[in-house]
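Scroll down for the structure; my scribbles are underneath it.
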Amino acid sequence: DAKTTQPTSMDCAEGRAANLPCNHSTISGNEYVYWYRQIHSQGPQYIIHGLKNNETNEMASLIITEDRKSSTLILPHATLRDTAVYYCIVRVKGADGLTFGKGTHLIIQP
Amino acid sequence: ETGVTQTPRHLVMGMTNKKSLKCEQHLGHNAMYWYKQSAKKPLELMFVYSLEERVENNSVPSRFSPECPNSSHLFLHLHTLQPEDSALYLCASSPRVLAGRTDTQYFGPGTRLTVL
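Protein chains in written order, with this note's numbering: chain A, 666 to 775; chain B, 2 to 117.
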């Protein structure tokens, strides 16, 4: 799986959009970008994934650059409950297991 | 509630004890996983089962012994553990990938294990 780089931590004001960047410059053509988050002491939660087109669901939007070397996860209206560690993972669809890095600790400020 | 349950949620055991962690999924998936999350470290994949057969074993010490009796249940048997094995143990499940189907993994809440 390709390596990803994420900022260690970020702050965002409650009610504002939280934009979490991820660099994956060595991504190959058949690798997807997945995002999970982990609220303190809980299991990771799936958020969204995509290949090359932008994706949106009820939780978030995923913007992937045209060259696919980076992406941004957008939480449109952050709440205090969105405080968590967010993981960007690049992998071939169907590959066994997930390789987690250190992720970004997002702190939503009241 | 993700449809993946784990019991117990907390476990304290001595180094000479034998205990088991249980995972159950109610999602109709046929792949299941064990992960370990130690303090200040990323999640590490331990074992993967697909259709009840072990397909991946990431150099895990033999004091951890997985068992998958059917596609809904996964166990992790523990014996003669060390204090450094204290961690959050997470179970996940996913459907096997078929054309057009997602392979998203869904995690349980984890078992917090402390080895004294």
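All C-beta atoms, glycine included, are put in the ideal place defined by N, C-alpha and C. Since we're looking at a predicted model, the values are computed, not measured.
The DSSP-derived three-state label of A/P709 is coil. Contact annotation for B/F108 against chain A: Y701, Q703, Q707, G708, P709, Q710 and Y711 [CB-CB distance below 9 Å, chain order]. Per DSSP, the beta-bridge partners of B/Q7 are B/C24.
Chain-ordered listing is empty here: chain B has no CB closer than 7 Å to the CB of A/G694, the nearest sitting near 17 Å.
Following the DSSP letters along the chain, one finds B/S66 inside the beta strand (DSSP E) bounded by residues F65 to N71. Within the segment 17–50 of chain B, the residues whose Cβ lies closer than 7 Å to any Cβ of chain A are, in chain order, Y34, P43, L44, L46 and V49. Comparing alpha carbon positions, the residue from B/F76, B/E53, B/L12 and B/Q38 closest to B/H30 is B/E53.
Inter-residue distance for A/I704 and A/C687 is about 19 Å (C-alpha atoms, whole angstroms). Ranked by Cα distance from A/A683, the options A/H689, A/T691, A/S674 and A/S690 are led by A/S674.
At least one C-beta of chain A is nearer than 8 Å to the C-beta of B/V56. When beta bridges are read from the DSSP output, B/F76 appears opposite B/K23 and B/E68. Taking CB atoms only, A/L763 has a neighbour in chain B less than 8 Å away. B/Y34 and A/C677 have their C-alpha atoms roughly 33 Å apart. In the DSSP assignment, A/I772 falls within the beta strand (DSSP E) that extends over T769 to Q774. Ranked by Cα distance from B/S63, the options B/L79, B/V49 and B/C69 are led by B/L79. Shown here, A/R746 sits in a helix according to DSSP, grouped into three states. Boundaries of the beta strand (DSSP E) harbouring B/N58: E54 to N58, taken from the DSSP string.
Inclusion of A/E679 and A/I773 in the CB contact set at 8 Å is warranted, their separation being smaller than that value. With 16 or more other Cβ atoms inside 10 Å of its own Cβ, A/H714 counts as buried. Residue contact check for A/K668 against chain B: no CB pair falls below 8 Å.
Considering only B/A93, B/Q106, B/R97 and B/T105, the residue with the shortest C-alpha distance to B/T112 is B/A93.
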